[in-house]
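Protein chains in written order, with this note's numbering: chain A, 1 to 163; chain B, 164 to 326; chain C, 327 to 489; chain D, 490 to 652; chain E, 653 to 815; chain F, 816 to 978. Only one structure is covered here, and it is reproduced in the block below.
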């Protein structure tokens with residue numbers, strides 16, 4: 001039980017860019033778990049609109065009030081990164097039933113890769129179910145208003161970079 | 164953060180009877196949270212095959228090795244019971260995408276009833292996705308073998324009571 | 327095209343009781359269609375918590391500001407009632423993907439029963455996706471707070487009747 | 490209510506190429522709404538098999554008997570185009586439950602971008618549920634028979650262009 | 653391989669009443685498998701509108717042209733009946749994604765009860781996706797036209813019995 | 816009925832690479848049908864990690880104990896290949912409800928292309944539901960352990976080729 005109290009959770013993703021949906025999951029997970037690592041998975045084959053460094057800076061900014069949250073980045077498999085960080089729980093935000101099968105397969109695989117690595121799912125707040133990074137990117141490319149989708153810091157960064 | 168470490172989680176259900184699926188969720192939640200309350204919700208209108216007392220006894224038996232788990236029962240709304248027990252997290256096991264919409268509505272409602280009451284979902288282990296209490300009851304009514312579905316203690320109780 | 331402008335839509339249901347979810351669909355459908363009939367389908371085998379008359383009175387009350395909405399009740403098949411009322415469109419509110427298959431089957435059947443009877447689906451507002459009459463009834467039976475689920479008029483009626 | 494009678498609906502898509510499924514939604518929406526705009530959204534990053542002009546010509550051809558339907562094209566956000574055209578309703582055809590979550594997110598976002606912009610969903614006729622433009626393109630690339638999927642005018646155009 | 657050629661398949665259900673949807677699955681399964689048993693599962697707790705004998709008679713009538721199909725009835729578990737009949741394959745008709753999770757759990761359980769008992773799913777023909785016995789019963793109770801849902805023999809029986 | 820006994824089934828896919836999930840479907844289909852063709856569909860636009868020849872060699876290796884299974888490859892439409900091979904049944908493995916709509920559309924289209932071509936679905940064994948070729952490719956690219964996902968022969972080939 002002593003170990004239990006030290007549970008470290010990992011919330012991994014692309015965060016390209018971080019959205020209000022991400023922030024909501026982070027805030028809620030930070031209340032549930034003693035320590036939460038938010039980590040940007042760098043994937044060589046995707047072309048992000050923000051560099052990994054930019055995304056880390058934005059996540060640090062919007063999470064600055066959450067003292068048990070740290071921001072990291074990693075390459076390779078999420079399960080391996082969790083193990084190296086001592087995280088025993090993967091946190092996933094799920095918005096709709098379409099995501100479910102994908103998450104279930106991922107949870108099963110991660111447990112096969114690293115024994116005892118649990119995946120827990122936090123259902124997205126109804127107010128944020130429609131938000132995704134890809135929607136932000138699409139709106140940005142058309143000059144649409146993203147202020148209801150991302151924190152001001154993120155919007156500013158995107159405005160500076162793309163207009 | 165001190166408060167976070169004391170997170171109490173509540174896993175509520177009918178447990179009529181408790182299955183290997185329930186036990187799996189209990190064991191995994193007991194590793195994630197410092198304290199886990201497993202609680203039988205008594206509903207006047209359902210006719211269970213096991214009394215609430217029988218179900219509590221069985222849950223106590225199959226959870227006897229889990230020191231941070233306590234067994235309770237309650238009437239009324241799960242959210243109210245959680246509040247009274249000081250539980251800030253509801254644990255739900257989900258087996259398939261059909262359950263998702265139901266769980267999402269429940270999570271939203273419970274957060275409206277008791278502010279800051281979080282719901283987290285643990286995806287059922289693939290080996291237990293087909294198990295439900297209703298399947299156990301159906302097999303029992305036809306004299307089918309339930310040994311792959313429930314712990315020996317539960318099977319013994321059902322055998323004693325129904326054959 | 328002259329006929330098109332006269333399109334009458336029918337929004338049928340049990341409304342036991344009417345909820346904020348129903349009201350939201352009614353308000354939105356009333357903006358889309360020149361005339362909207364809201365109709366309570368009486369089914370002999372269900373035991374409603376409110377009589378058909380009580381539900382009609384409540385619907386009249388909460389829709390009093392909507393001049394192109396009329397409240398009716400009917401027995402038998404919805405498709406037949408639509409035909410008799412001159413409604414060419416059935417309006418359905420859908421909350422989640424689980425409802426989808428059910429609605430699709432209903433839309434197909436209704437078109438077979440009454441040719442040219444169209445079904446259109448209005449996706450529930452995210453703020454109301456968790457609301458259902460059965461949730462209201464369940465909360466009512468446990469003395470839970472339903473003020474976020476139903477208009478004040480409905481809550482008052484239920485309070486008067488059940489407490 | 491006077492305004493209601495003037496409801497203009499917008500059915501936007503890629504229509505690359507237009508299919509019997511599209512035509513079915515157009516015909517049904519044209520019966521429901523006084524005015525229907527069918528609009529081709531031009532997206533710079535996709536490589537269509539037909540130019541925007543070719544698709545507009547085909548849509549004009551297959552909709553020639555529908556007097557309240559006009560054919561347009563646009564760049565940028567659908568919600569903005571709807572606003573500029575005075576359309577208050579977006580029409581979407583949905584074939585299966587997988588599409589549902591996507592459409593729900595889109596409906597929510599479009600209402601945030603343009604207040605009072607409603608989305609209504611017309612469930613695809615069962616006879617057309619399997620039809621999609623991508624299926625037509627795939628069959629075309631393999632020399633398969635597309636005559637059950639697209640109107641003769643479309644098939645002729647594709648035959649002329651690709652064989 | 654010799655054994656394979658003798659594959660006997662079992663299509664079990666309530667058939668209360670048999671529909672065009674059932675008949676379509678039977679006809680297709682009878683083309684795939686050398687021998688097909690269509691079996692009515694009698695369940696004590698349901699109150700069918702047709703007796704088991706009436707349903708057997710109807711199934712015999714509508715399957716009279718299919719020489720490799722036999723009609724049976726059984727009590728108890730479907731898996732046990734399959735074993736006793738020497739059937740190695742359970743045939744299931746599935747109409748939509750909602751049914752999927754239910755069928756998957758059933759397939760898993762049946763394979764645990766009787767080793768090597770396979771379940772194969774035949775996707776319902778699009779023209780019959782909306783048909784279910786419960787829809788037929790509902791229409792019958794309201795005097796609706798069921799001629800598009802059931803074969804003439806079944807409609808005649810229901811007309812004779814209920815009008 | 817004589818024809819029925821000769822039923823040839825076709826299991827087509829990319830098999831890039833073949834997985835334990837594929838092998839499970841092959842073994843089960845080989846027990847159900849007298850003759851099973853496993854066929855690699857070559858698609859010009861995809862960039863496989865294994866050549867068609869390598870995949871055929873692997874499939875021949877892992878299916879060497881199944882005497883009624885033959886390995887083929889084809890270009891063009893699966894339905895056409897089935898017809899040319901005399902296969903009257905397409906076998907599909909389905910892992911989750913998300914796949915369902917896609918498979919239903921495919922089954923409908925294939926029956927329109929080649930009359931009497933049936934599609935049957937074998938639900939994936941729960942132990943293999945999380946396995947997909949794309950997961951294997953992703954793990955391979957990160958140096959992850961794929962031994963629980965593919966037969967030893969496949970793992971060896973991938974190890975030889977990519978490390």
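Just so it is clear, CB atoms sit at the ideal spot from N, CA and C, and this is done for glycine as well.
- At least one C-beta of chain E is nearer than 8 Å to the C-beta of residue 293 of chain B.
- Taking 8 Å as the threshold, the shortest C-beta distance from residue 56 of chain A to chain F does not fall below it.
- Beta-bridge annotation (DSSP): residue 255 of chain B is paired with B:284.
- By the neighbour-count criterion, in which 16 or more other beta carbons inside 10 Å mark a residue as buried, residue 404 of chain C falls on the buried side.
- Residue nearest to residue 713 of chain E within the set E:675, E:658 and E:701 is E:675 (criterion: CA-CA distance).
- Under the Cβ criterion of 8 Å, residue 597 of chain D is counted among the residues facing chain A.
- If you draw a straight line from the Cα of residue 98 of chain A to the Cα of residue 123 of chain A, it is about 13 Å long.
- Minimum Cα-Cα distance from residue 767 of chain E among the listed residues E:726, E:702 and E:740 corresponds to E:740.
- Between residue 608 of chain D and residue 614 of chain D, the C-beta spacing is not below 8 Å.
- Contact between the segment 837 to 853 of chain F and the segment 863 to 883 of chain F is present, with at least three C-beta pairs closer than 8 Å.
- By the 16-neighbour rule on beta-carbons within 10 angstroms, residue 337 of chain C is buried.
- Proximity to residue 237 of chain B across B:265, B:178, B:323 and B:325 peaks at B:178, based on C-alpha coordinates.
- For residue 415 of chain C, the neighbours in chain D by C-beta distance under 7 Å run, in chain order, 521.
- Judged by beta-carbon spacing, residue 905 of chain F lies beyond the 8 Å limit of residue 928 of chain F, meaning their Cβ atoms are not closer than that value.
- Assignment of residue 423 of chain C by DSSP, reduced to helix, strand and coil, places it in the helix class.
- In the structure shown, residue 353 of chain C falls within a helical segment according to DSSP collapsed to helix, strand and coil.
- The three-state secondary structure of residue 114 of chain A, taken from DSSP, is coil.
- Pairing residue 407 of chain C with residue 365 of chain C gives a Cβ-Cβ distance under 8 Å.
- For residue 913 of chain F, the chain A residues whose C-beta falls within less than 7 Å of its own C-beta are 98 and 101, listed in chain order.
- The residue from B:258, B:256, B:184 and B:235 with its alpha-carbon nearest to that of residue 247 of chain B is B:235.
- Residue 387 of chain C: member of the alpha helix (DSSP H) spanning 378 to 388, first to last residue.
- Counting along the chain, residue 324 of chain B sits inside no beta strand (DSSP E); it lies in the alpha helix (DSSP H) bounded by residues 315 to 325.
- The CB of residue 105 of chain A comes closer than 9 Å to the CB of 910, 911, 944, 945, 946, 947 and 950 in chain F, given here in chain order.
- Interface criterion not met: the Cβ of residue 307 of chain B is under 8 Å from no Cβ in chain C.
- Those residues of the segment 605 to 616 of chain D placed with their C-beta closer than 9 Å to a C-beta in chain C are 605, 607, 608, 609, 610, 611, 612, 613, 614 and 615, ordered along the chain.
- Rounded to the nearest whole angstrom, the C-alpha separation of residue 649 of chain D and residue 510 of chain D is 22 Å.
- For residue 94 of chain A against residue 121 of chain A, the beta-carbon gap comes to about 5 Å, under 8 Å, which counts as contact.
- In this structure, the straight-line span from the alpha carbon of residue 643 of chain D to that of residue 632 of chain D is close to 15 Å.
- Taking the Cβ atoms as the reference, residue 197 of chain B lies roughly 19 Å from residue 222 of chain B, outside the contact range of under 8 Å.
- Not one beta carbon of chain F lies nearer than 8 Å to the beta carbon of residue 10 of chain A.
- Listed along chain C is no residue with a C-beta nearer than 8 Å to that of residue 716 of chain E; the closest approach is about 27 Å.
- Cβ proximity to chain D below 9 Å picks out 890, 891 and 892 from the segment 882 to 893 of chain F.
- Comparing alpha-carbon positions, the option among C:463, C:474 and C:465 lying closest to residue 455 of chain C turns out to be C:474.
- Using a CB distance cut-off of 8 Å, residue 318 of chain B does not count as an interface residue toward chain A.
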